[in-house]
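Trainee: Note that numbering that gives the first Met the number 0 has the sequence shown beginning at 0, numbered continuously upward. One structure is given below, represented as structure tokens, and several questions about it will come after.
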Amino acid sequence: MKTILVDDEENSLDILEIELKEYCPQVEIVAKCKSGQEAIAAVHEFNPDVVFLDIEMPQMNGFEVLKNLEDQEFDVIFVTAYDQFALKAFEFSAVDYLLKPIVKERLIAAVEKVSSLAETSISAEQLNMLMTNFQSYWQSQPRVALPTSEGLEFVSVDQIIYAQSESNYCWVFFDDGNKIFLSKTLKDLEGLLAKHGFIRIHQSYLINADFIKRYVRGQGGYIILSNGAKVPVSRSKKEVILNLGRW
């Protein structure tokens with residue numbers, strides 16, 4: 000499996016090379032690149048099966064590298080040092096990643112996964128979704144990309160009132176009265192939106208705390224949201240609601 004390693008830190012490149020040679024004998028490292036431009040040239044020259052790609056690099060980051068290689072087919076494993084919240088963007092986009100420092104078991108699992116895939120390469124939709132959702136963690140007015148059966152919906156986080164589970168999918172409700180059917184689970188959406196003030200108050204409901212209008216106490220307690228929706232609060236989550244300090 001022809002492989003290219005891309006990272007602006009030489010030490011990181013050397014460590015990853017050593018670990019791949021020791022734990023993943025099916026990998027053939029054909030190039031090590033310390034910049035986005037080097038990576039683009041190496042992909043065109045070697046036509047790799049997989050690229051281990053760091054995101055945060057000077058001049059050209061990992062996303063920009065992929066934007067310049069949309070005509071090439073290869074699988075991507077992102078290598079990153081970002082925190083757990085940012086990593087949710089990778090999981091939500093169904094994109095493989097490794098967290099620095101790399102754990103041997105995760106490395107082996109990632110390589111085995113891409114080795115077994117019938118199709119390679121990250122799709123344009125996956126890349127757009129990942130870029131948007133990844134960048135949302137540092138935006139003052141964050142926007143997210145949500146996958147539907149028709150494509151991607153790009154929405155401002157502060158427009159989402161709540162989401163409701165429906166089996167392995169969910170509905171997302173907005174402040175303008177519209178809603179969309181999302182091809183992700185509520186758990187997936189919870190991970191993506193947790194940093195933006197969203198609370199899982201029930202097995203079937205995820206709410207934006209900014210839209211809470213009233214909490215009605217009782218054994219069957221529930222939240223009234225700004226759009227009039229009544230959302231049940233599970234017994235285990237009542238303390239979370241009370242600790243918001245709104246009551």
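Backbone N, C-alpha and C define an ideal beta-carbon position, used for all residues, glycine too. Values in this document were obtained by computation on a predicted structure and should not be read as measured data.
(1) Who are Trp137's beta bridge partners in DSSP?
(2) Answer yes or no: do Lys194 and Phe84 have a C-beta to C-beta separation smaller than 8 Å?
(3) For Lys112 and Tyr221, I'd like the C-alpha separation in whole angstroms.
(4) Taking Tyr161 as the reference, give the member of Glu149, Lys178, Tyr168, Ser148 with the closest Cα.
(5) Using CA atoms only, rank isn't needed, just tell me which of Glu69, Leu129, Asn242 is closest to Ser120.
(6) Are the region 0-11 and the region 26-39 touching by the rule of at least three beta carbon pairs closer than 8 Å?
(7) Do Thr131 and Phe180 have their beta-carbon atoms positioned less than 8 Å apart in this structure?
(8) Measure the alpha-carbon distance for Ile101 versus Ser225 and round it to whole angstroms.
(9) From the DSSP output, in three-state form, read off Gln202 for me.
(10) Note down, one range per segment and in chain order, each beta strand (DSSP E) of at least 3 residues found wholly within the region 41-102.
(11) Please classify Arg199 as buried or exposed, where buried requires at least 16 neighbouring CB atoms within 10 angstroms.
(12) Is it right to say Gly219 is buried, meaning 16 or more other beta carbons lie within 10 angstroms of its own, or is it exposed?
(13) Can you tell me whether Gly150 is helix, strand or coil according to DSSP?
(14) What is the C-beta distance between Glu90 and Gly190, in whole angstroms, given that I count them as a contact (C-beta under 8 Å)?
(15) Quick one, which of Phe173, Ser155, Lys183, Phe210 has its alpha-carbon nearest Asn167's?
(16) Residues in the same chain with beta-carbon distance under 7 Å from Phe133, minus the five sequence neighbours each way, listed in chain order, please.
Mentor: On the basis of the coordinates in this document:
(1) The partner list for Trp137 (beta bridge, DSSP) is empty, contrary to what the question assumes.
(2) yes
(3) 43 Å
(4) For Tyr161, the nearest C-alpha among the options comes from Lys178.
(5) The shortest Cα separation from Ser120 among Glu69, Leu129, Asn242 belongs to Glu69.
(6) yes
(7) no
(8) 44 Å
(9) coil
(10) For the region 41-102, whole beta strand (DSSP E) runs of length 3 or above, ordered along the chain, are 49-53, 74-79, 96-98.
(11) buried
(12) With a threshold of 16 other beta carbon atoms within 10 Å, Gly219 falls short and is exposed.
(13) strand
(14) 6 Å
(15) Lys183
(16) Ala85, Ala88
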